[in-house]
Amino acid sequence: MIDKFIIQFTRRKILNEKDLLIVNDKYFLVSEKIRETINIIKREPHLAGLYLGRQRGNQFFPSVALLAILHPFAENIITLNDDAAFLFICGRDIYAPSILKMDGRCAESSIVILQNKNKELLGFGKRAHPITSQQPVVENIFDIGDFLRRENKR
1 MIDKFIIQFT RRKILNEKDL LIVNDKYFLV SEKIRETINI IKREPHLAGL YLGRQRGNQF
61 FPSVALLAIL HPFAENIITL NDDAAFLFIC GRDIYAPSIL KMDGRCAESS IVILQNKNKE
121 LLGFGKRAHP ITSQQPVVEN IFDIGDFLRR ENKR
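Sequential numbering of the sequence shown, starting at 1, is according to our numbering.
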């Protein structure tokens, strides 16, 4: 499942199967040392290593850590101006005037990584409408502000 998610961003193999640990529906990146420790204690851990995301049904929900691993290898990246970067991490969609640069094809309906002008990861979205459209060019799927918004709902 995680491979299907990653292939949306890059065709490169960035994670080795042997470095993945799946606990229930959660994916973790683990070192050989952690795997050895798990084998020694002979109990399945609840958490181990770096959390990469979780699978629910046929959908994979990534962690910010997984997106940070993907970011340098992403084939479709959109760079946003400062105002749009802030709005994006607040959960908003992106309109054409906010886009500073598009690297890669960034074709309509493709999944793209979004970053600020300092090349810092903001999240990912789906290219929705033409760059000439008055409608959102990128629909926000997940951004680094998601965690804080979920905390406020508690």
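Yeah, the Cβ is synthetic: ideal placement off N, Cα and C, and Gly gets one too.
Open item on the list: Rounded to whole angstroms, what is the Cα-Cα separation between Asn118 and Leu52?
Closed with: Their Cα atoms are separated by approximately 24 Å.
- [ ] Enumerate in chain order the residues of its own chain whose CB-to-CB distance from Leu100 is below 7 Å, with the five nearest sequence positions on each side excluded.
- [x] Answer for Leu100: Thr79, Leu80, Asn81, Lys117, listed in chain order.
Open item on the list: Here's the rule: buried if 16 or more other CB atoms are within 10 angstroms of the residue's CB, otherwise exposed. What is Gly91?
Closed with: Exposed.
Open item on the list: Looking only at its chain, what residues have a beta carbon closer than 8 Å to the beta carbon of Leu20, apart from the 5 residues adjacent to it on each side?
Closed with: The residues are Ile2, Tyr27, Phe28, Leu29, Val30, Leu52.
TODO: Please work out which residues of its chain come closer than 6 Å, Cβ to Cβ, to Leu70, disregarding the five sequence neighbours upstream and downstream, and give them in chain order.
DONE: So the qualifying residues of the chain are Phe9.
Open item on the list: Does Val138 come out as helix, strand or coil in the three-state DSSP assignment?
Closed with: If DSSP states are grouped into helix, strand and coil, Val138 belongs with the strands.
Open item on the list: Taking only three categories from DSSP, how would you classify Val30?
Closed with: It is coil, neither helix nor strand.
Task: Top-ranked residue by Cα proximity to Pro97, from Ile22, Leu47, Thr132 - done: Pro97 has its Cα closest to that of Thr132, out of Ile22, Leu47, Thr132.
Task: Residues near His46 by beta carbon distance below 8 Å, same chain, minus five either side - done: Answer for His46: Val23, listed in chain order.
Open item on the list: Quick check on Pro45: does DSSP put it in helix, strand or coil?
Closed with: Assignment of Pro45 by DSSP, reduced to helix, strand and coil, places it in the coil class.
TODO: Mind checking which residues open and close the alpha helix (DSSP H) that includes Leu121?
DONE: From DSSP, Leu121 is part of no alpha helix (DSSP H) but of the beta strand (DSSP E) over 121-127.
Task: Cut-off 7 Å between Cβ atoms - residues of its own chain near Glu44, not counting five sequence neighbours on either side - done: Counting only residues of its own chain and dropping the five nearest sequence neighbours on each side, Glu44 has a CB closer than 7 Å to the CB of Val23.
Open item on the list: DSSP three-state label for Leu87, please.
Closed with: In the three-state reduction of the DSSP assignment, Leu87 falls in the helix class, which pools H, G and I.
TODO: Locate the beta strand (DSSP E) running through Leu15, then write down its first and last residues.
DONE: Leu15 -> no beta strand (DSSP E), and no H or E assigned at all.
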